[in-house]
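Trainee: Provided herewith is a single structure, encoded as structure tokens, for subsequent inquiry.
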Amino acid sequence: MEQERIWTAALVVIGDEILSGRTQDRNIAQLASWLNVQGIRLVEVRVVPDRTEAIVEAVNTLRARNDYLFTTGGIGPTHDDITVDAIAAALGVGVEHHPEALAVLERYYATRGGLTEARARMARVPAGAGLIPNRVSGAPGIRIGNIFIMAGVPHITAGMLDALTGTLEGGRPVVSGTIGCWVAESEVADLLRAAEKSHEGVSIGSYPFFREGRTGANFVVRSPDAALVAACLADLTRELEATGREVFAEGI
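Under the numbering used here, the very last position in the sequence shown is 264; numbers go up by exactly one each time.
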């Protein structure tokens, strides 16, 4: 049987404020969820500082081994927003003002003090790039090759992802199902391994916790095949119940 094509994506989170802990990143979760619906798997995330060499290395490594690469952060109007310049350097192209981006910003800032030199920086793109619409704050995202350069502010990122919905080629959306059990995961590790092996095409994640003075775990089964997920959950439930344990649908 021909193996199903798996489409992959990586994310580079750019910003000293993330690495310092001053800002907590929320884009990883929302990008992963959005990609799942598009039939694309987020397989790697890097967080890098506002340093050109770090951005260049991450971008060139990850764009080469994935179908898509997303970046968040560093595309604002200030001097330390260097993402566009760094990605242009990674691609070996120059930087230019995109005329459509300039027009968008001129309209947006017409009643907000006008388009200053600093604000015009947000129209700079690697040469040859296209735009990702931004209905929230005017300044568009950027698309060049398989790279998508997006804002770091989560609600602006969400709007850009919405604009991209349905435009990327992918496979079947990944679906998942969850069961929970009051058991230490070490006690059922072999059982989980056997269940994953006997249901080719699924992955099983185990997420232990300690509550109410007891140890438990939730088990998440994922696959592009909904029927396979259901079958694996049913078999896993039966195996756990055969050991005398109560299983909770949807998890604990």
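Just so it is clear, CB atoms sit at the ideal spot from N, CA and C, and this is done for glycine as well. Quantities reported herein were computed from a predicted structural model and do not represent experimental measurements.
1) Our contact map puts residue 70 next to residue 53 with C-beta atoms below 8 angstroms; I'd like the distance itself, whole angstroms only.
2) Name the two residues that bound the continuous beta strand (DSSP E) containing residue 189.
3) Classify residue 101: buried if its beta carbon has 16 or more other beta carbons within 10 angstroms, exposed otherwise.
4) Taking 8 angstroms as the cut-off, does the stretch 132-139 touch the stretch 111-121 (at least 3 CB pairs, one atom from each stretch)?
5) Excluding sequence positions up to five away, which residues of its chain have a Cβ less than 6 angstroms from the Cβ of residue 193?
6) Which residues does DSSP list as the beta-bridge partners of residue 22?
7) Which residues in the same chain as residue 235 place their Cβ atom closer than 6 angstroms to its Cβ, once the five residues preceding and following it in sequence are excluded?
8) If we ignore side chains and look at the alpha-carbon of each, how far apart do residue 210 and residue 231 end up?
9) Given residue 50, which residues of its chain have a CB within under 6 angstroms of its CB, disregarding the five upstream and five downstream residues?
10) Between residue 143 and residue 127, which are expected to be in contact by the criterion C-beta below 8 angstroms, what is the C-beta distance as a whole number of angstroms?
11) Given this structure, state the Cα-to-Cα distance separating residue 13 from residue 208, to the nearest angstrom.
12) So what's residue 106 in DSSP terms, helix, strand or just coil?
13) Starting from the C-beta of residue 171, find all residues in its chain whose C-beta is less than 7 angstroms away, skip the five residues before and the five after it, and write them out in chain order.
14) Residue 107 to residue 45, Cα distance in whole Å?
15) Would you identify the three-state DSSP class for residue 264, choosing helix, strand or coil?
16) Cα separation between residue 74 and residue 103?
17) Determine whether the Cβ of residue 47 lies closer than 9 angstroms to any Cβ atom of chain B.
18) Between which residues of its own chain and residue 248 is the CB-CB distance below 6 angstroms, once the five residues before and five after are set aside?
19) Determine whether the beta carbon atoms of residue 83 and residue 30 lie at a separation below 9 angstroms.
20) Which one or two residues does DSSP pair with residue 32 in a beta bridge?
21) Opposite residue 268 in the DSSP bridges: which residues?
22) Let me check understanding here. Comparing Cα to Cα, which of 56, 177, 233 and 63 lies closest to residue 261?
23) Alpha carbon to alpha carbon, what distance is there between residue 155 and residue 130?
Mentor: Considering the structure as presented:
1) Within the sequence shown, residue 70 is the residue found at index 58, counting from 1. Within the sequence shown, residue 53 is the residue found at index 41, counting from 1. With a Cβ gap of about 19 angstroms, residue 70 and residue 53 do not count as contacting.
2) As a working note, residue 189 is residue 177 in the sequence shown. From DSSP, the beta strand (DSSP E) with residue 189 extends over 187-193.
3) For the purposes of this step, residue 101 is identified with residue 89 of the sequence shown, where counting begins at 1. Per the 10 Å Cβ criterion, buried.
4) yes
5) Counting from one through the sequence shown, the residue named residue 193 turns up at place 181. Excluding residues within five positions, the ones whose Cβ falls inside 6 angstroms are 252, 257 and 259.
6) Working through the sequence shown from its first residue, we reach residue 22 at position 10. BP columns for residue 22 point to 56 and 81.
7) For the purposes of this step, residue 235 is taken as the residue at position 223 of the sequence shown. 213, 214 and 241.
8) On the sequence shown, residue 210 is found 198 positions in, with the first residue counted as 1. On the sequence shown, residue 231 is found 219 positions in, with the first residue counted as 1. Their backbone Cα atoms lie some 16 angstroms apart in a straight line.
9) What you label residue 50 is simply residue 38 of the sequence shown in a count that begins at 1. Cβ within range, chain order: 180 and 182.
10) As a first step, residue 143 must be located in the sequence shown, where it is residue number 131. As a first step, residue 127 must be located in the sequence shown, where it is residue number 115. Going by Cβ atoms, the distance from residue 143 to residue 127 rounds to 16 angstroms, so no, they are not a contact pair.
11) As a first step, residue 13 is located in the sequence shown; it is residue number 1 there, counting from the start. As a first step, residue 208 is located in the sequence shown; it is residue number 196 there, counting from the start. The pLDDT assigned to residue 13 is 43, lower than 50, so where the model puts this residue is not dependable; a value taken from the coordinates is nonetheless given after this. Taking the straight line joining both Cα atoms gives about 19 angstroms.
12) Along the sequence shown, one-based indexing puts residue 106 at 94. Residue 106: coil per DSSP, three-state reduction.
13) Here residue 171 corresponds to residue number 159 of the sequence shown, with the count starting at 1. 146, 147 and 148.
14) The sequence position of residue 107 within the sequence shown is 95, counting from 1. The sequence position of residue 45 within the sequence shown is 33, counting from 1. Residue 107 and residue 45: Cα-Cα distance of roughly 32 angstroms.
15) Residue numbering aside, residue 264 sits at position 252 when the sequence shown is read from its first letter. Residue state, collapsed to three classes: coil.
16) Taking the first residue of the sequence shown as 1, we reach residue 74 at position 62. Taking the first residue of the sequence shown as 1, we reach residue 103 at position 91. Rounded to whole angstroms, residue 74 to residue 103 spans 13 angstroms at the Cα level.
17) In summary, chain B is missing from the structure at hand, where a single protein chain is found.
18) Within the sequence shown, residue 248 is the residue found at index 236, counting from 1. For residue 248, where only same-chain residues beyond five positions count, the Cβ hits under 6 angstroms are 207.
19) Numbered from its first residue, the sequence shown carries residue 83 at position 71. Numbered from its first residue, the sequence shown carries residue 30 at position 18. Contact: no.
20) Here residue 32 corresponds to residue number 20 of the sequence shown, with the count starting at 1. DSSP output for residue 32 lists no bridge partner at all.
21) The question about residue 268 has no answer here: the residues shown for the chain are numbered 13 through 264.
22) On the sequence shown, position 249 is the one that residue 261 refers to. For the residues 56, 177, 233 and 63, the minimum Cα distance to residue 261 belongs to 233.
23) Locating residue 130 in the sequence shown gives position 118, where the first residue counts as 1. Locating residue 155 in the sequence shown gives position 143, where the first residue counts as 1. One C-alpha to the other measures close to 21 angstroms.
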